Amino acid sequence: MDPKKLYPRSGDRETVYLKQVVKDPGILVGDYTIYNDFAGDPRQFEKNNVLYHYPVNQDRLVIGKFCSIACGAKFLFTSAHHRRDSLSTYPFPIFYEEWGLDVRSVTDAWDKKGDIVIGNDVWIGYGAVIMAGTVIGYGAVIGARAVVTKDVPPYTIVGGIPAKPIRRRFPDDIIEALLEIRWWDWPEEKIRAHIPDIQSGQICRLRPSALSKKREGSFEKAESFPGQLF
33 MDPKKLYPRS GDRETVYLKQ VVKDPGILVG DYTIYNDFAG DPRQFEKNNV LYHYPVNQDR
93 LVIGKFCSIA CGAKFLFTSA HHRRDSLSTY PFPIFYEEWG LDVRSVTDAW DKKGDIVIGN
153 DVWIGYGAVI MAGTVIGYGA VIGARAVVTK DVPPYTIVGG IPAKPIRRRF PDDIIEALLE
213 IRWWDWPEEK IRAHIPDIQS GQICRLRPSA LSKKREGSFE KAESFPGQLF
């Protein structure tokens, strides 16, 4: 495995390791995070998917490791949010020359929302929209075409417009164990050795003291059907 290569699979030019295609210093991406674009060129992620992201606002897109981002997912930043406390939503300050305004006040045109932060091991579904100022917790799932306007807790599935929780992926004790184990930070060889355990839900093999064998059974049940939601 080499997270520094562009394409994870030979013959597949629709999927890229996203870290290798971003150049904007305001976009930070972790190793092994993938982006798929069957409708265009995935190498154009910055241009086509990260929108209204202007340097003057100094906001960042931070995406963790091992995330899966589906075709058409969009990240909308501060400049997409015209001021709502103004009597008009028209962005006068960005047309400072036209109206004789101070160029230093250009950011007064927008509500200042801040960074978008995506945790590790997050799955963002087809056509989802993530709005500025939101934090998506580790292991969360964002449903197809969902519009995320608020923070999403770890290991929570959300969907709809605006996105709302559908359910947690696992019981509390399993979520706590996964957040403590942090398998995404393991060395590559250790992850490789435990892929069968991760895929089959054998959390006790990731850390034997994490849960009893009885609780492991409930993990397997919880993991058996989330993919059917979308």
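Residue numbers for the sequence shown follow this note's numbering, beginning at 33 and rising by one. Glycine included, C-beta positions come from ideal geometry on N, C-alpha and C. From a predicted model like this one, the values you see are computed outputs, not experimental measurements.
- Here S111 is buried: its Cβ has 16 or more other Cβ atoms, across all protein chains shown, within 10 Å.
- For the pair A141 and K37, the Cα-to-Cα distance works out to about 40 angstroms.
- Take the alpha-carbon of R237 and the one of K222: they are about 12 angstroms apart.
- One alpha carbon belongs to V173, the other to W155, and they sit about 5 angstroms apart.
- Judged by their CB atoms, G104 and D69 are nearer to each other than the 9 angstroms cut-off.
- Within the stretch 104-164, the alpha helix (DSSP H) runs of at least 4 residues that lie entirely inside it are, in chain order, 128-131.
- If you look at N89, you'll find it isn't in any alpha helix (DSSP H); DSSP assigns it neither H nor E.
- Here P123 has H114, A141 as same chain residues with Cβ atoms under 6 angstroms from its own Cβ, once five neighbours each way along the sequence are excluded.
- Straight through space, the alpha carbons of Q231 and P197 are spaced by roughly 24 angstroms.
- Residue burial annotation: T121 is exposed, with fewer than 16 other C-beta atoms found within 10 angstroms of its C-beta.
- Under the three-state reduction of DSSP output, L238 falls in the helix class.
- At a Cβ-Cβ threshold of 9 angstroms, V180 and A160 count as neighbours.
- Linking Y158 to P194 through their CA atoms gives a straight-line distance of about 15 angstroms.
- Taking all protein chains in view, the Cβ of W131 is surrounded by fewer than 16 other Cβ atoms within 10 Å, so the residue is classified as exposed.
- Apart from the 5 residues on each side of it in sequence, R177 sits with its Cβ closer than 6 angstroms to the Cβ of G159 in its chain, given in chain order.
- Residues F124, P125 of the same chain have their beta carbon placed closer than 7 angstroms to that of L133, with the five preceding and five following residues left out of the count.
- If the five residues before and after L83 are omitted, its C-beta is found closer than 8 angstroms to the C-beta atoms of K106, F107, L108, F109, A112, all from its own chain and listed in chain order.
- Note on geometry: alpha-carbon atoms of K55 and V61 lie some 10 angstroms from one another.
- The residue from E129, W216, N81, V167 with its alpha-carbon nearest to that of I101 is N81.
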